[in-house]
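**Student:** The working numbering puts the sequence shown at residues 550 to 1137.
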Amino acid sequence: MAAAVSAQDRRSETDVETILSADRAFCLPIAFQPEAKGLPLSSTLPRIYIYVGAVASIAQVIRDKHAAIMRRWKKLAATAASAKGLSAPALETVMSRYLSALADDDASAVKERRKLLESHLASRLRQGFVLPEIVSELLTLGRCIAEVCSDVPERERPDPALLVPILAELQHAATTASEIFWQHLREDEQVEKGLLRRLQTIATASRDDPHRGGFTAHLQEALALIVEGVPARCLSIALMDVELTVAAAVGAAPETCGGPPRPDLRDVFDDLARSEEGSAVERTLEHDERVVAARLPEHGPLVGILYAVRAREPFAAREVRRLEAIAALLGVLLENSRLYAALRLRIEESETEKRLRETFVSVLAHDLRGPLSVSRLAAAAIAKMPEAADIRQKLADRVVSGIDRADRMVTDLLDANRIRAGERLALDLGSCDLAAIAREVAGELAPVHGDRFAVSGDSSVQGIWSAEHLRRIVTNLATNAAKYGAPDTPVELDVHATDAVATLSVHNAGKPISADELPRLFEPFSRTRSSQHSGIAGWGLGLALVKGSVEAHGGSVSVQSSQRKGTTFTVALPRDARPFQAEATGTR
């Protein structure tokens, strides 16, 4: 059509109108510029303006066929080399909103198109697009509009000439994109490179030094750098835990770290949380404050938000783009920090488990050798003294005792393995007396640890429990109290009961258990630092077995430890453990 018009340079305006109106083939080239084709401005521009009143027909097609146009555009845009692998939101960016803005022609729409164009350009630069690909996307949008218009029924089809302003606008947008591209590339490249490099340096240093707490612990330091590139009265980062919480803030009026962000920013954050676009959101707040906020990361589940607040003066487009670029990097650095911390933890756990296995094998070999050696020597002595019946009996008792001790060790190991696997121990339940068992254990331990054990409370506490496991519970708690408590101080065992619950508490004076060790105290193969340096051998299974036996009864065990009050372990058991064993075994 452009050639036909060019050939009619000297025709009247009526003739030009006839040519434009008669051509329904939509052959307008994308880069059509009437003034470049030799037409006098007086014969072309007035004719375009004559149709402005009818441009609503094109605008209506854009509104009605918005989804169809975007489908065509995304299909074509996805063929670009740099678009390979992009998710749908990352490919689309703000083009859907830009298309909607093309349907409007007031002053605010012009500003909105410019703003969206700059946002789209910034996204594409971060995604690694080259300028020809960006320009091609804009021109492709015009092609898609023209194709969709051609699909409209002929009686409703808008005049082809009405596409001229739309295509000219897109051509102008492509030219503007080129200008913006080179201008900001020159101005921002060095600044952004230096800023991002320094942020990367902070992240690397925090990663290489495990005592620095990871990159998250150094966001305040990072913000001090970022505010140089995005001047603001206040610059903050809010990270998502259960809800958004300010993790770092700098500036003249920084927000309180550890608390929620300002209430007047809630709508901004809600928009970012719902959005799948990586572009920043700008708003005007009360007292004419301006805020610009970008999500971390650009796409996917919300991890946090980087936002800047400034009094009155709006943020320049390149400042917004820079904030978006910084937010994109911060999102990557935070995720890398999280993954690195998780990896370091797994490595430490693996190394700890390896050390525990090695220690366990060493201690197991040592501990089993004792009772087995005694049993072997006793058996050999029996063979040499067949006539001495009384001596044979003592030696036989030693054999049985040694074998029983070895058997208990194996049983403890098997139970510890079940506990570690999350299984509930099986119990042989019957009627027994917790208070009586406590007194028996105290008497049995006295020859080893001295007359330090004092049993108080109710004289008889009957219940349906496993006597074997109650003995294990009392023995382990009392032995630990004697071994790790202050020497020559009493170990107090107190037994009380109500109609529903029986309670055993074991108390010792001495050095308390540190607060950071309490959460791991009942884990298999876990030993406190003081016990590791005490010279007292052990597997670290005692408290794990106590917890497993208590929970198998449907009970609970807790510990309180302080310098002033000493250490107290408290066991609470239901008076009848049968319902809990039935639940564990699936029987009724």
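Where a beta carbon is used, it is the ideal one built from N, C-alpha and C, also for glycine.
Please go through the same chain and pick out, in chain order, the residues whose beta-carbon is closer than 6 angstroms to the beta-carbon of residue 1036, but skip the five residues on each side of it.
**Tutor:** Nothing meets the Cβ criterion.
**Student:** What residues in its chain sit with their C-beta under 7 angstroms from that of residue 606, if we drop five residues either side in the sequence?
**Tutor:** The residues are 707 and 711.
**Student:** List the endpoints of the continuous beta strand (DSSP E) containing residue 815.
**Tutor:** No beta strand (DSSP E) contains residue 815, which is instead part of the alpha helix (DSSP H) from 815–823.
**Student:** Cβ of residue 1071 within 7 angstroms of Cβ of residue 1096?
**Tutor:** Closer than 7 angstroms, so yes.
**Student:** Rounded to the nearest angstrom, what separates residue 969 and residue 961 at their Cα positions?
**Tutor:** Cα to Cα, the separation comes out at about 12 angstroms.
**Student:** If contact is defined by three or more beta carbon pairs under 8 angstroms, each pair taking one atom from either stretch, is the segment 988–1001 in contact with the segment 1015–1032?
**Tutor:** Yes: the two stretches touch, three or more of their Cβ pairs being nearer than 8 angstroms.
**Student:** Are three or more beta carbon pairs between the segment 612–620 and the segment 633–652 nearer than 8 angstroms?
**Tutor:** Touching, yes, given that three or more Cβ pairs across the two stretches are closer than 8 angstroms.
**Student:** When you compare only the Cα positions, how much space is there between residue 1038 and residue 768?
**Tutor:** If I take the Cα positions, the gap works out to 50 angstroms.
**Student:** Is residue 691 close to the ligand FMN? I mean its beta-carbon at under 6 angstroms from any heavy atom of the ligand.
**Tutor:** No copy of the ligand FMN appears in this structure; indeed no ligand is present at all.
**Student:** Assign residue 1068 to one of two classes, buried (16 or more other C-beta atoms within 10 Å of its C-beta) or exposed (fewer than that).
**Tutor:** The residue in question, residue 1068, is exposed, as its Cβ has fewer than 16 Cβ neighbours within 10 Å.
**Student:** Quick check on residue 669: buried or exposed, where buried means 16 or more other Cβ atoms within 10 Å of its Cβ?
**Tutor:** Counting Cβ neighbours within 10 Å, residue 669 comes out buried, since at least 16 surround it.
**Student:** Is it a yes or a no for the segment 814–834 touching the segment 884–897, going by three-plus beta-carbon pairs under 8 angstroms?
**Tutor:** As far as the Cβ criterion goes, the segment 814–834 does not touch the segment 884–897, which means the pair count is below three.
**Student:** Just the C-alpha distance for residue 1116 and residue 963, rounded to the nearest angstrom, thanks.
**Tutor:** Using only the alpha carbons, I get a separation of about 29 angstroms.
**Student:** Assign residue 739 to buried or exposed, taking buried as 16 or more other Cβ atoms, counted over all protein chains shown, within 10 Å of its Cβ.
**Tutor:** So residue 739 counts as exposed.
**Student:** Taking the Cβ atom as the reference point for each residue, do residue 984 and residue 1010 lie within a distance shorter than 7 angstroms?
**Tutor:** For residue 984 and residue 1010, yes; Cβs fall inside 7 angstroms.
**Student:** From the DSSP output, which residues share a beta bridge with residue 832?
**Tutor:** Looking at the DSSP assignment, residue 832 forms a beta bridge with 840.
**Student:** Would you say residue 1123 and residue 1093 are within 7 angstroms of each other, going by their C-beta atoms?
**Tutor:** No, the Cβ-Cβ distance between residue 1123 and residue 1093 is not below 7 angstroms.
**Student:** Could you give the residue range of the alpha helix (DSSP H) that holds residue 701?
**Tutor:** Run containing residue 701: none; DSSP gives neither H nor E here.
**Student:** Contact defined as beta carbons within less than 8 angstroms: I believe residue 697 pairs with residue 610. What is the distance between those atoms, to the nearest angstrom?
**Tutor:** Indeed they touch by this definition, with Cβ atoms about 7 angstroms apart.
**Student:** My assumption, with CB atoms under 8 angstroms, is that residue 1051 sits in contact with residue 992. Please give the rounded CB distance.
**Tutor:** Incorrect: roughly 20 angstroms between the Cβ atoms, too far for contact.
**Student:** Where residue 845 and residue 792 are concerned, what is the direct C-alpha to C-alpha distance, given to the nearest angstrom?
**Tutor:** C-alpha separation (whole angstroms): 14 angstroms.
**Student:** Should residue 1044 and residue 987 be called a contact, given that it needs their Cβ atoms to be closer than 7 angstroms?
**Tutor:** Yes, the Cβ-Cβ distance between residue 1044 and residue 987 is below 7 angstroms.
**Student:** Alpha carbons only, please: which of 1025, 875, 850 and 838 is nearest the one belonging to residue 858?
**Tutor:** Checking every option, the nearest Cα to that of residue 858 belongs to 838.
**Student:** Have a look at residue 1132 and residue 1025 and give me their C-alpha separation to the nearest angstrom.
**Tutor:** Going from the Cα of residue 1132 to the Cα of residue 1025 covers about 26 angstroms.
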